[in-house]
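Participant: Residue numbers for the sequence shown follow the working numbering, so the first one is 21 and each next one is one higher.
Ideal Cβ placement from N, Cα and C applies to all residues, glycine included.
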Amino acid sequence: NEDIAEKVRLFLLENYKNGKVSLTEIAKDFNISPNYLCRIFKEKMGITLMNYIQDLRIQEAKRLLVETDKKMWAISQELGYSNQYHFSMGFKKATGYSPKQYRNLEIKEK
């Protein structure tokens, strides 16, 4: 179980930007059921699989917002979101700021 959870974690580190990364696809790639994958991942990593993917995307979004001048739509595409609206809503839910607010705040603090 620990090996599977760690292998999935490493897989996600390389593939989280792929918008097609889904629980079903990951489970199929590792030849286990989606329910079993969710259970062992949460048990070993202390976070749900989907929250882990979301956290990876948000951390990269924060970096891109501060270190680049890329447009929001370009960042959302790069991180595998289906559209800019989902990216903005997920970002605000995770950070309390819209991507634009976050960029402006962080740039002012530097």
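#1: Sorted by chain position, which residues of the same chain lie with C-beta nearer than 8 Å to MET70's C-beta, five sequence neighbours on each side aside?
#2: Output needed for CYS58: all residues of its chain with C-beta closer than 8 Å, excluding positions within five of it in sequence on either side, in chain order.
#3: Measure the Cβ-Cβ separation of GLY115 and TYR122 and say whether it is below 8 Å.
#4: If you run the structure through DSSP and keep just helix, strand and coil, what is ASN35?
#5: Should TYR56 be labelled buried (16 or more other beta-carbon atoms within 10 Å of its own) or exposed?
#6: Between which two residues does the alpha helix (DSSP H) holding LEU57 run?
#7: Since I believe SER102 is in contact with PHE111 (beta carbons under 8 Å), could you give me their beta-carbon distance rounded to a whole number of angstroms?
#8: For the putative contact between LYS37 and GLU98, defined by C-beta atoms under 8 Å, what is the C-beta separation to the nearest angstrom?
Facilitator: Once the coordinates are examined:
#1: Excluding residues up to 5 positions away in sequence, LEU43 lie with their Cβ nearer than 8 Å to the Cβ of MET70 in the same chain.
#2: In chain order, LEU43, THR68, LEU69 place their CB closer than 8 Å to the CB of CYS58, counting only its own chain and leaving out the 5 sequence neighbours on each side.
#3: Looking at the sequence shown, residue 115 is not Gly but Thr. For THR115 and TYR122, yes; Cβs fall inside 8 Å.
#4: DSSP places ASN35 in helix when its eight states are reduced to three.
#5: With fewer than 16 Cβ atoms within 10 Å of its Cβ, TYR56 is classed as exposed.
#6: Counted as a single uninterrupted DSSP element, the alpha helix (DSSP H) harbouring LEU57 occupies residues 54-65.
#7: Not a contact, Cβ separation roughly 14 Å.
#8: At roughly 6 Å, the Cβ-Cβ gap stays under 8 Å, so LYS37 and GLU98 are in contact.
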